[in-house]
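To start, the structure itself, in structure tokens.
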Amino acid sequence: MKILVPTKRVPDTDQKIVASDDGSRVNVEHIPFIINPFDAIALEEAVRIGEQRGDVEVVAVGIGGEGYEQPLRTALAMGAQRAVHVRCDESLDPWNVARLLQAVVLRETPQLVIMGKQAVDDDANQTGQFLAALLGWPQATFASRVVVEGDRLTVDRETDHGIETVRLPLPAVVTADLRLNEPRYASMAGIMKARKKPLDVIAVGDLPVAIEPRLRVISYRSAESRKRGERVKSVDELLDRLTQPGAALHKRG
Amino acid sequence: MTQMNTADVIIIGAGVAGLSTAMQLAGRGAKVIVLERDRVGNGSTGRAAGLLGQLRGKAEQTRMLVDGLAIVKELEKLADVEIFVQTGSLRIAETPERAEEISALVEMGKSIGFDIDHMSIDDVARHLPYMRTDDLVDACYCPTDGHLQPAELAAAYLKVGKQRGVRCETNTPVTGIIVEAGQVRGVRTAAAEYFAPVVMNAGGPWSYLNAELAETVLPTAAIGHYYLTTRPDPANPVDRLSPAVRDRELRIYTRPESGGLIVGIYDAEPDRYDMGKLPADFDMSRMKAARDSLQVAQLIEATHHRFPWINERTPMTITTGIMTFTPDARPFCGEMPNIQGLFHCSGFSGHGIVQSPVIGLIMSQLILDGHSTYDVSSIEADRYFDMPGYIDRRDIEDRCAAMAGNYYGKVERPTVAAGGQAAK
Chain R
764 MKILVPTKRV PDTDQKIVAS DDGSRVNVEH IPFIINPFDA IALEEAVRIG
814 EQRGDVEVVA VGIGGEGYEQ PLRTALAMGA QRAVHVRCDE SLDPWNVARL
864 LQAVVLRETP QLVIMGKQAV DDDANQTGQF LAALLGWPQA TFASRVVVEG
914 DRLTVDRETD HGIETVRLPL PAVVTADLRL NEPRYASMAG IMKARKKPLD
964 VIAVGDLPVA IEPRLRVISY RSAESRKRGE RVKSVDELLD RLTQPGAALH
1014 KRG
Chain S
10 MTQMNTADVI IIGAGVAGLS TAMQLAGRGA KVIVLERDRV GNGSTGRAAG
60 LLGQLRGKAE QTRMLVDGLA IVKELEKLAD VEIFVQTGSL RIAETPERAE
110 EISALVEMGK SIGFDIDHMS IDDVARHLPY MRTDDLVDAC YCPTDGHLQP
160 AELAAAYLKV GKQRGVRCET NTPVTGIIVE AGQVRGVRTA AAEYFAPVVM
210 NAGGPWSYLN AELAETVLPT AAIGHYYLTT RPDPANPVDR LSPAVRDREL
260 RIYTRPESGG LIVGIYDAEP DRYDMGKLPA DFDMSRMKAA RDSLQVAQLI
310 EATHHRFPWI NERTPMTITT GIMTFTPDAR PFCGEMPNIQ GLFHCSGFSG
360 HGIVQSPVIG LIMSQLILDG HSTYDVSSIE ADRYFDMPGY IDRRDIEDRC
410 AAMAGNYYGK VERPTVAAGG QAAK
């Protein structure tokens, strides 16, 4: 069995993210890049399925510029057997990422694609769904439990109504939610082995996909910082302030 | 404004060193302003494990830690909070050399009336059912050790300090130290000047940069450190009062934490940080270890050897932070000869939490009395002053990093009489 795990390289969003003054981009010079946390969960799940079954090849995929080699090495250290780097210096929207992934899937012919439900930088939550649609494969998004039995998958999905359990035939696309697992830190052996594992680079031009952007970023701006609280002297003053125009308890009309 | 910004002592840094000293100074009637670049206790203080091993290589260092514990117990009453958790502590040995270390430690401890003794491996196994013991040759146990809870400690210093009139301003980085004719006059921030005849530099890893503001070389270096915290595991319950363990051969220490275990490592080749190159708004609590960090892998491997139920698949949190090391792993406390009134209080080399209670007392004595009731010769700030090899930043970093790297790794020869650095 082959499992493909697309991974995105994102700025560590635990750091302070600030837009550039002209709004054309986000300043990331001082910010470390990490594997998108949801993709790390997807990778962990794939590695665990491999550890349980034994006959699994886990292939990590990254699409982007030079910096993508590092998260792919991390993926190899965590237990992927092989990595594919689609070298692309253009900025891509989820639609085009999904189309490129479709091309990689057609080359690699995995039985299962597991990826993060979304990337923490743009929070688009589209790529997995697009990919499943392009491939014509069933999809189980927001997975919190994945069980592989023969050529079938059972997946628990986290929905607003509760946990939904679905069964789907392979091949399929699964997107990982936060509670699926806790990704590991690589072992010494994992880090050593990763240095010798293959990391193939494919030029984006070698894939039969013409990039056709459908989204245009107009501007970035930083989130407004919360205004400092004030201390009031009494409950009466508090109520008075809360019922002023514009405040939470103000009655309109 | 200048009237408001005048004090007897200005302290740079609201970590445990600065806050403890502020509390002690205010207790003796001094007017103290603490200026903090970020938030209270958000530097090394907020990342510390807080292990308290009282028995040190020198009798005076041990006395300081024992007295510090008495200060903590008093502070617990004043602030109405639990800070000290008395778990007892174990040192374990897996080689004859390490066993000699332990014998020397026990002998030294007993000679000064300290409660410490060898413990049989069977008893160790009974105390710590979740620890591997089949490869041990000796161990010693001290029932009065434990750990201090760093956040509670910092909050208690601040609470009692404020009751005594300490003023603490957060998000206020110091940008200059005002010196006139060899005497400190105050400090500068982006918004204001603050005046005092005494300024104390308690900036932790940033303290060498603070010293540079007054053209002073402080030979400390910022050294990375890692520990893991496991989540409660029903199959391997860790009692809240399980003893702390120090395993110098594996370079690890451990203590219980909320039903799980903290395990930290003193790396042979630790990360170094150039604090001047970090962004101005660097926040230590946001530091994160990479999933394929070699240091974390080493930590997990050493941990797995001692606690076989912990491996890379174990749910855990990795905490990474920055320590302030010195070339001899002892802090710099006091003035240097070049500037009167500028006191340094930094370089605790991984032991800032547990030294802070008594260090606050010692610094207040040095500042207000000009001398201390303790023998401070081993921690004086000027012991490397103007010495070649301790001036160039690169050299200083090398020496401090070498000290940090050797910290647990090197076998201490039993030197009871000479009193080497025998224990953490």
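Just so you know, the sequences run in chain order R and S. Position in the first sequence (from 1) plus 763 gives the number in the numbering used here. Position in the second sequence (from 1) plus 9 gives the number in the numbering used here. Glycine is no exception: its CB is placed at the ideal position from the N, C-alpha and C atoms.
In the pairwise beta carbon analysis, the region 193-202 of chain S is classified as not touching the region 283-294 of chain S: fewer than three pairs are separated by under 8 Å.
Interface annotation, R947 of chain R: in contact with chain S, CB-CB separation under 7 Å.
Looking at the DSSP output, E344 of chain S sits in a beta bridge with S:F352. Restricting attention to S:T104, S:D124, S:C177, S:A201, the CA atom closest to the CA of I186 of chain S is found in S:A201. In terms of CA proximity to A861 of chain R, R:V768 leads the group R:V768, R:T837, R:T776, R:L931. Distance from G55 of chain S to P159 of chain S at the Cβ level is roughly 7 Å; contact confirmed, criterion being Cβ atoms closer than 8 Å. Distances from the CA of V420 of chain S to each of S:P279, S:E344, S:E258, S:I388 were compared; the closest alpha carbon is that of S:E258. I798 of chain R reaches chain S at R300, counting residues in chain order whose Cβ is nearer than 8 Å.
In the three-state reduction of the DSSP assignment, D283 of chain S falls in the coil class, being assigned neither a helical nor a strand state. Counting only the Cα atoms, S907 of chain R lies some 6 Å from E921 of chain R. If you check the CB distance, G233 of chain S and D280 of chain S come in under 7 Å. Rounded to whole angstroms, the gap between the alpha carbons of V937 of chain R and V909 of chain R is 9 Å. The beta-carbon distance between E91 of chain S and E161 of chain S, rounded to whole angstroms, is 7 Å. This is short enough to meet the 8 Å contact definition. Boundaries around L87 of chain S are those of the alpha helix (DSSP H), 68-88, since no beta strand (DSSP E) includes it. Around the beta carbon of A299 of chain S, 16 or more other beta carbons sit within 10 angstroms, so the residue counts as buried. For Q778 of chain R, the closest Cβ of chain S is nearer than 7 Å. No Cβ of chain R is located within less than 7 Å of the beta carbon of E258 of chain S. Using a 10 angstroms sphere on the CB of R984 of chain R, the tally of other CB atoms stays under 16, which defines it as exposed.
If you draw a straight line from the Cα of Q844 of chain R to the Cα of E912 of chain R, it is about 22 Å long.
Annotation for R173 of chain S: M32, A35, G36 place their beta carbon closer than 8 Å to its own, counting only its chain and skipping 5 residues before and after.
Contacts with chain R at 7 Å (Cβ-Cβ) do not include V272 of chain S. Taking a C-beta distance under 7 Å as the contact criterion, A846 of chain R and A823 of chain R qualify as a contact pair. Classified as exposed, M13 of chain S has fewer than 16 neighbouring CB atoms from the shown chains inside 10 Å of its CB.
By the neighbour-count criterion, in which a residue is buried when 16 or more other Cβ atoms sit within 10 angstroms of its Cβ, T312 of chain S is buried. Interface flag for T837 of chain R against chain S is set, since a Cβ pair is found closer than 7 Å. Taken atom to atom, the span from the alpha-carbon of E832 of chain R to that of R942 of chain R is near 27 Å. In this chain, the beta strand (DSSP E) harbouring F796 of chain R covers 796-798. Near chain S, meaning a CB-to-CB distance below 7 Å, no residue of the region 807-821 of chain R qualifies. At a C-beta separation below 8 Å, E310 of chain S has these neighbours in chain R: S950, M951. Beta bridge pairing from DSSP links S98 of chain S with S:C151, S:A253. Just so you know, the alpha carbons of D276 of chain S and I348 of chain S end up roughly 36 Å apart.
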